[in-house]
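Protein chains in written order, with our numbering: chain A, -19 to 367; chain B, 660 to 1169. Even glycine gets a Cβ: it sits at the ideal position worked out from N, Cα and C. Notes for the one structure printed next.
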Amino acid sequence: MSTPPVVLKALSNIYPLLIVIDQTLNNMLWITNDVPHIFVNIVFVSFSIRFLLITDIISVFDIGNHSLLIDYIGLLSTSFYICSLAYYIYSVASEIQNSEPPTADDLVILIENVQDKLFSVKKDFLNLFPRNNDYKLTFQWITLATSIQTLIFKFNLIPYVTDTTSYLIMCFVLMCIFHTHTFQGVLEIIWRLKFVRSLYVWWSNDNDKLYTKRQITPLGYFDMLISDKSYITVKMIIQSSEEITQFTTLRTRLIQLCEAEDRHENNTIETENIEKTPVIPSIEFNILKFCIEENQRKWNNDTWEAQTLPFERSNFTVVSSCGTSFNSDNPLTYDKQIPSNWIKLDDIWHKSSWDYCNKNWSYIGKKDSPECFTRTRVWSFRYFQKK
Amino acid sequence: MSMSSYFRNKYEELLDTILSAEELIAVINDIEKHNTGEQEQFTNNIDLDQNRDKSVWNKELMTKMLSSLLNVSLTKLKNKNELDLLANTELNNYLNKNQEFLNQNNENIEDEPFLALFLDKLITRLVPERLPIREKLIIDEIATNDLKTIQNESEQQVSVGILASNIHKLSGSMEKIFEFQDIVIRVISWKVPSRMIISLLILTKICYNPMYIILFPLLYLSLGIIMNNYNAKYGKEHLYSTSHRGKIGKSLFTDLFKYDPMKSISTHYPTTQLSTPQEITHGMQVVINLRDFQNLTTNQLHLLESSSKFLNETAAFKDERRTTILLFGILSICITLKLLSFFLNWSFVLSSALWISAIIIHPKLLPKLKLLFRTYHLKNEIYQPNPVVKDKHFDIVLDQQPRTHTVEIFEIYREGLIPTTWKFFIFSSSLFDPSDQYRKSQSPPPGVKELTMVQPPKGWIFDPNDDWKIDYNFNKWKMERNLQVSIDQEFLIDSKFKRRRLTRRVIQSH
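Take a look at the structure:
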C-alpha cells in the first residue's frame, strides 16, 4: 500500500481537526470511560442554551424571580464551556506541536475510527425507520412529525416544553442521549411490544408481502386448483384386472404413478419419451394435490406456537399458483368439504419436515437454532378422479 | 476377622470407660457446686457474692469444657465405630465400587471438624436453658404449624459450623459492599468530579421535588441495571482501534476539578516506587475481605460507642450544665428554623448548602481554606494577648432537690442456749422469718456482722446527716408483710429468731 506523499501531508495537516472530530463523535456515541462527564456536559449545555436564547431583559432587582438563578448558572456554564472549548483546542494543538508528527498508521487508524463512528451514527438513525425505502413513507413521517410538533406547541403535550428554548433543549438532550446503549436498548425493547409493531405496520403499510388477509375455504381452494388446472393427469396402463377391482391395489398403483409423474416433471425430456410409447389399454386419472403450509412462530421459552403475529401469515396458509397466499382452515377439516366425486388417495396428510426461518420468514435451514424464530412445513393430501 | 472383633471389643471398652469418666465429671461438678454453696455459709459479706459467683463460674467452665471435650471425642469415636461397622456390613457394596453412600457418610463426619464439634458441645453445655427468642417480622412456617418447640430448638442452636460458614459467605459477598464504599469515598473526595456533580445534581433535584426519591431509584433500576443487563446480552460491541499515542487534548473540566493524589505524590517520589497493580488471587481476596470486614466492624463499634456516649452521657445529665445547654440549644434551633421557614426557600437553602459543602471539601480547595482560616485566627489572637479563660460559668443554676428514699435492714438475733437470752446473729436485708427461703434451707441469709459494713443501693448514698433508726412502728411493717409472729418491744419474735427493723435515709447520687 503506497499513499502519495502529498495526500499524507494533507492528512497530517488536518490531523488536529480529525482528532477534534473524533472526540466529538466519541462524546456523541458516549465512547468514553467517564460517562457521567458527558451527562454533566449535557445538563450544563442545556443551561447555557437556555441562557443564550433568553428573550427578555433580565432585571437585577427581580431577585424573587426563580429563573434568575438558572440564568446565572446559564451564564456561568456558557462562559465555562467557551473556555473549555478553547482550552481543549489549544491543548490539542500544543500537544501535536510538541510531539512527533503523526505516522501514516496513526492517520489511517484515526480516519478508520472516524468513519466507523459516523457509520454507526447513521445506522442508529436509520434503525428508527426500519425498511424505509419509498418516498411515500418519508412523506408520511414528515407529516407525523409536523403534527406532533404542532401538538407539542399548541397543547403542551410534553410538560416543561412550552417555548422554543425548552423545545430546543429537549431536542439537544434527545440528540445527545440518542446514541447511548441505554437509549438504543430501550428502543429495541419497545420494538419487542406486539402493540408497537402492529401500530408500525398499520402506519407504514409494511406487512408481510406474501400475505393477504383474505381467508380461503377448503372448497374455495379446491375450486381454485380446478380452475387453475393444477391437477395432474396420469395414464394408468392396466396390467391386471386386480388393479381396477381392488381399491388398495389401485391406490398403490396411482401413488406410484403420481410419484413417477412428479419425478418426470423435473425431467421433461423423459416425459416426452413416455408419451411416444405405443398405445396400450389404459385409464386416465386426475390427481389433485392439496398443499397447505403450516406456519409457526417461536415464543418465549423457545416454544413453538401456532400463534403468529397479527400482521403476518396465519397458522395455515395456501399459496395460489400466481404467488398470493391466503389464510386457510386447519387441513383436518378439508376432507368434509371436498366434492364426493373425488376420492382420497392418501390415508393421512403427509407432512414435510420443518423449514426454519428467521423472524421475517426467510429460509435459514432445516435445523432449529437460536437465530430461527419461525418455521414452516407443507401438509399435502391427494385426491383422485377418473378422467 | 477374630482380630478385628477383638479390637472392636477393646474399642467398646474404651468407649465405656470414657462414658463413665464423663459421668464422674458430671458428679464432681455437682459436688463442687454443693461445696461452694456450703463454704459460703461462713463468708457473710454481701459484697463477696459476686466473687463467689466468679470462682464458681470459672470452675464450672473448666469442668464443662472438660466434659464437652470428652463428649466430642466420644462422638467422634462413636461415629468412627459406626463407620467401621458399616464398612463391614457393606463390604460387598464397597468392593462393588458403590462408594457413594460411604463417601457421603465420610463427608458428613469430616465436614464437622473436631474443634467445631467441641465448641458446639461447649456452647450447649454452657447455655443449658432456653435462649430468649428474638422478635420476628416474618413468622416462620413452622411456628404457624403449632410446632413451637421445634422452632425454639432451631432458634436456640448455636452452631460454630453455621456461624463460620455464614461468615465465610458474608465475606465473599461483602466484596461488593466494600467496592460500593470505595466508589462513594472516591466520589466524595472529588477523584471522579463528574460523578460528584451528577450526585449533587440528583440531590438538588430531590431537594426541589421529593418525588424524585422514588423516581431516581426506579429509573436507575430500569435504565441502569436492567438495560445494562440487556446490553450485556444483546448489545452491539463497538470495537475501535486506538493508536499508541493515547488521548490527545485535555479537558478543562477534569483539569480543573479532578483531584488526583498520585500527581502530588509523584512529584515527591520517583514513579517506580508506586505500587504496580498486581494480580489478586483468591486467597488474597479472602484476606482483603477479612481486613475490610475487620475495619468495618471496628468503625461500627466506634460509631456505636460514640453514639452511646452521646445518649448516655451528653444527653443524660451526666454533666448537668452541658445537657441543659444542649437542650436549650436544640430547642432554640427548632424555634428559629420554624420561624425562618416562613421566609426561606428550603429547597434552595438545602441545595445550596449541599453545593457549598461539596465545594468546600474539595481537596484542592480545603487546604487553602484552612490556611486562610488559620491566618485569620492568628490575627485575632494577636489582638487578644491575654485571652480570658472562661472555665467558670454562672449562667445555669443547678439546685435541684435530689431524690430521697428510706432503706431498711433487719437486725436479727438468735435465741441462746437458755430461752429468753438472745445473741446477735446478722444484719440482713432478708427478714429470715419461718417462711423465708434461707430459713427453710437452713442457711444464713446474706448479710454482714457490723452495721458499718452495710452498703447503700447502687446510685445512692446514705444521708450523712442521718443514722440508722430503729423502726418502732412495728405494727405497721408487720401488717405490711402480713407476718404471724409475736411482738416483744420493737422486736418480732418467732421460734428461734427475733428481728427489728432499722431504717436510714438515702439520697440519689450520680
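If you look at Trp359(A), you'll find it in the beta strand (DSSP E) that goes 354 to 366.
For the stretch 875 to 890 of chain B, the beta-carbon criterion of a distance under 7 Å to any beta-carbon of chain A is satisfied by Leu882, Met886, Tyr889, Asn890. In the structure shown, Trp1081(B) adopts extended strand secondary structure according to DSSP, grouped into three states. One thing to note: Thr58(A) has its Cβ within 8 Å of the Cβ of Leu32(A). Sixteen is the threshold: when 16 or more other Cβ atoms of the shown chains lie within 10 Å of the Cβ of Pro852(B), as they do, the residue is buried.
By a beta-carbon distance limit of 8 Å, Ser301(A) does not contact Ser360(A). Their separation comes to about 15 Å. In the DSSP assignment, Trp279(A) is bridged to Thr283(A).
Among the residues facing chain B, His159(A) is not included, as its CB has no counterpart in that chain under 8 Å away. Just so you know, the alpha carbons of Lys347(A) and Thr297(A) end up roughly 22 Å apart.
Considering only Pro876(B), Ala1012(B), Phe916(B), Leu949(B), the residue with the shortest C-alpha distance to Lys828(B) is Leu949(B). Met216(A): member of the beta strand (DSSP E) spanning 212 to 217, first to last residue. In this structure, the beta-carbon distance from Ser146(A) to Lys909(B) does not fall below 8 Å.
Beyond the five residues adjoining it in sequence on each side, His330(A) comes within less than 6 Å, by CB distance, of Ser360 in the same chain, given in chain order. Within the model, the alpha-carbon separation for Pro1061(B) versus Trp1119(B) is close to 10 Å.
A straight line joining the alpha-carbon of Asn338(A) with that of Ile196(A) spans about 26 Å. Taking 8 Å as the cut-off, the beta carbon of Ile1071(B) is found closer than this to the beta carbon of Ser1087(B). Arg854(B) reaches chain A at Pro16, counting residues in chain order whose Cβ is nearer than 8 Å. Closer than 8 Å to the CB of Ile76(A) there is at least one CB belonging to chain B. In this structure Ile122(A) is exposed. Its beta-carbon is surrounded by fewer than 16 other beta-carbon atoms within 10 angstroms. Listed in chain order, the positions of the stretch 47 to 71 of chain A with a beta carbon within less than 7 Å of a beta carbon of chain B are Cys63, Ser64, Tyr67, Tyr68, Ser71. Contact with chain B is found for Ile169(A), since one of that chain's Cβ atoms lies less than 8 Å from the residue's Cβ. Rounded to the nearest whole angstrom, the C-alpha separation of Ala240(A) and Ser262(A) is 16 Å.
With a contact defined as Cβ atoms closer than 8 Å, His159(A) and Val101(A) qualify at about 7 Å. For the stretch 315 to 327 of chain A, the beta-carbon criterion of a distance under 8 Å to any beta-carbon of chain B is satisfied by none of its residues. Using beta-carbon distances, Phe912(B) counts as an interface residue toward chain A, with a partner under 8 Å. Taking a contact as a CB-CB distance under 8 Å, the pair Leu325(A) and Arg231(A) counts as one, their CB atoms being some 6 Å apart. In terms of Cβ geometry, Phe1133(B) and Arg1163(B) do not form a close pair [threshold 8 Å].
Under the Cβ criterion of 8 Å, Gly908(B) is counted among the residues facing chain A. Around Gly345(A), no beta-carbon contact reaches into chain B at under 8 Å, the shortest distance being about 22 Å. Tyr336(A): member of the beta strand (DSSP E) spanning 335 to 337, first to last residue.
For Ser305(A), the enclosing beta strand (DSSP E) starts and ends at 305 to 308. Taking a beta-carbon distance threshold of 8 Å, Ile857(B) counts as an interface residue toward chain A. Rounded to whole angstroms, the gap between the alpha carbons of Ile994(B) and Phe1002(B) is 14 Å. For Leu999(B), the nearest beta carbon of chain A is not closer than 8 Å to its own beta carbon. Ile62(A) and Gly54(A) have their C-alpha atoms spaced approximately 12 Å apart. Contact check for Val731(B) against Leu776(B) passes: the beta carbons are separated by less than 8 Å.
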